[in-house]
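S.K.:
Residue numbers (the UniProt record's numbering): 1 to 158.
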């Protein structure tokens with residue numbers, strides 16, 4: 001199991017392709033995403049670590065910094081990428097983005113406008129979307145993607 005400061009992240013390597021990870025992320029408390037689970041994928045291409053990995057949400061999520069196809073708009077995955085950046089830092093930044101969206105760097109102007117006009121409506125829309133697409137528990141998501149506890153989890157512990 002990949003050990004991070006947060007227990008809200010579980011990472012699985014695909015056995016036949018170590019350059020492809022499946023990541024389960026648990027939504028943070030006091031957000032429209034709380035107590036829900038999302039699947040993300042991470043793909044390391046031949047340019048890694050000179051270029052950031054491709055990290056995307058597979059489970060649809062309503063968020064001002066995440067596109068409809070799961071692309072995450074965050075500096076750490078673009079102009080602020082450093083080849084020394086650890087994956088744990090990327091995952092923590094994604095969790096923080098869910099807690100505190102960056103409305104100045106929105107990927108969706110429509111969602112940013114909704115938030116500026118009515119934060120309650122934005123949060124309600126995000127919560128409704130979460131209830132529709134995200135899973136209520138880790139086991140359901142692991143079963144859906146046929147992820148095993150011991151077979152292919154990554155261990156970065158010292």
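Every residue, glycine too, gets a C-beta built ideally from N, C-alpha and C.
Buried or exposed for residue 27, please, with buried defined as at least 16 other CB atoms from any protein chain shown within 10 angstroms of its CB.
M.R.: Mapped onto the chain shown, residue 27 falls at position 27. The residue is buried, with at least 16 neighbouring Cβ atoms inside 10 Å.
S.K.: In whole angstroms, what separates the C-alpha of residue 33 from that of residue 115?
M.R.: For the purposes of this step, residue 33 is identified with residue 33 of the chain shown, where counting begins at 1. For the purposes of this step, residue 115 is identified with residue 115 of the chain shown, where counting begins at 1. Rounded to the nearest angstrom, the two C-alpha atoms are 16 Å apart.
S.K.: Measuring from the CB of residue 94, is there a heavy atom of the ligand HEM at a distance below 8 Å?
M.R.: The ligand HEM is not among the ligands present in this structure, which contains no ligands whatsoever.
S.K.: Look at residue 105 and residue 75 and say whether their C-beta atoms are less than 9 Å apart.
M.R.: Locating residue 105 in the chain shown gives position 105, counting from the first residue. Locating residue 75 in the chain shown gives position 75, counting from the first residue. Against a cut-off of 9 Å, the Cβ pair of residue 75 and residue 105 comes out as a contact.
S.K.: Please name the residue or residues paired with residue 39 in a DSSP beta bridge.
M.R.: One-based indexing of the chain shown puts residue 39 at position 39. In DSSP, residue 39 forms a bridge with 24.
S.K.: Taking a contact to mean a Cβ-Cβ separation below 9 Å, would you say residue 126 touches residue 62 in this structure?
M.R.: Position 126 of the chain shown, counted from the first residue, corresponds to residue 126. Position 62 of the chain shown, counted from the first residue, corresponds to residue 62. Result yes, Cβ atoms of residue 126 and residue 62 sit closer than 9 Å.
S.K.: Spatial neighbours of residue 78 within its chain, please: CB distance less than 8 Å, with the 5 preceding and 5 following residues excluded, ordered by chain position.
M.R.: The residue given as residue 78 occupies position 78 in the chain shown. The residues are 52.
S.K.: Within 10 angstroms of the Cβ of residue 130, are there 16 or more other Cβ atoms? Answer buried if so, exposed if not.
M.R.: Here residue 130 refers to the residue found at position 130 of the chain shown. Under this definition residue 130 is a buried residue.
S.K.: Taking all protein chains shown into account, decide if residue 156 is buried (16 or more other Cβ within 10 angstroms of its Cβ) or exposed.
M.R.: On the chain shown, residue 156 is found 156 positions in, with the first residue counted as 1. Any reading at residue 156 must be qualified, since the residue scores a pLDDT of 49, below 50, and its modelled position is unreliable; the value itself is stated next. Result: exposed.
S.K.: Where do the ends of the beta strand (DSSP E) carrying residue 124 lie?
M.R.: The count along the chain shown starts at 1 and reaches residue 124 at position 124. Counting along the chain, residue 124 falls outside any beta strand (DSSP E), though it belongs to the alpha helix (DSSP H) covering 119–133.
S.K.: Does residue 89 pass the burial test, meaning 16 or more other C-beta atoms within 10 Å, or should it be called exposed?
M.R.: Here the question's residue 89 lines up with position 89 in the chain shown. Classification for residue 89: exposed.
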